[in-house]
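Asker: Numbering (the numbering used here), first residue to last: -13 to 89.
Before I ask anything, here is the structure I am working with.
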Ligand SMILES: [Zn+2]
């Protein structure tokens, strides 16, 4: 997965197109991510006890990773993620716009 937790992304399509947010969870199995404040759905929670009211809660639901693009923390542009192998064989992500490393 090119996108990791705590990355900033911008939405490229869907109802939240253009919205930016922070990745709070990555779900590699299904190729989806959960982004703070993006793709909010309202869920209805049933009352647990009798006499208690049901609640409407807002939850960020997962989005396809292909609908989001990374925002580079260094140059602030939306960018594709590339890879670079360092001298110590460590593979790091790099921004394709400014070529700087993204942790
Ligand atoms: Zn950059």
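For glycine and all other residues, C-beta sits at the position ideal for the given N, C-alpha and C.
Please confirm whether any heavy atom of ligand 1 lies closer than 8 angstroms to the CB of residue -10.
Answerer: no
Asker: Could you give the distance in angstroms between the alpha-carbon of residue 73 and the alpha-carbon of residue 80?
Answerer: 15 angstroms
Asker: Tell me whether residue 7 is buried or exposed, calling it buried when 16 or more other Cβ atoms sit within 10 Å of its Cβ.
Answerer: buried
Asker: Please identify the residue among 56, 36, 83 and 38 whose C-alpha is closest to the C-alpha of residue 9.
Answerer: 56
Asker: Along the chain, where does the beta strand (DSSP E) that runs through residue 84 open and close?
Answerer: Counting along the chain, residue 84 falls outside any beta strand (DSSP E), and DSSP gives it neither H nor E.
Asker: Output the boundary residues of the beta strand (DSSP E) element that contains residue 6.
Answerer: Residue 6 -> beta strand (DSSP E) spans 6 to 13.
Asker: Which residues in the same chain as residue 14 place their Cβ atom closer than 8 angstroms to its Cβ, once the five residues preceding and following it in sequence are excluded?
Answerer: Taking C-beta separations shorter than 8 angstroms and ignoring five residues to either side along the sequence, the partners of residue 14 in its chain run -13, following chain order.
Asker: With a threshold of 8 angstroms, establish whether the CB of residue 6 neighbours any heavy atom of ligand 1.
Answerer: no
Asker: Touch check for the stretch -4 to 3 and the stretch 38 to 53: three-plus C-beta pairs under 8 angstroms?
Answerer: yes
Asker: Specify, as a first and last residue, the run of the beta strand (DSSP E) that residue 42 falls within.
Answerer: 41 to 46
Asker: Report buried or exposed for residue -8, applying the criterion of at least 16 other Cβ atoms within 10 angstroms of its Cβ.
Answerer: Counting Cβ neighbours within 10 Å, residue -8 comes out exposed, since fewer than 16 surround it.
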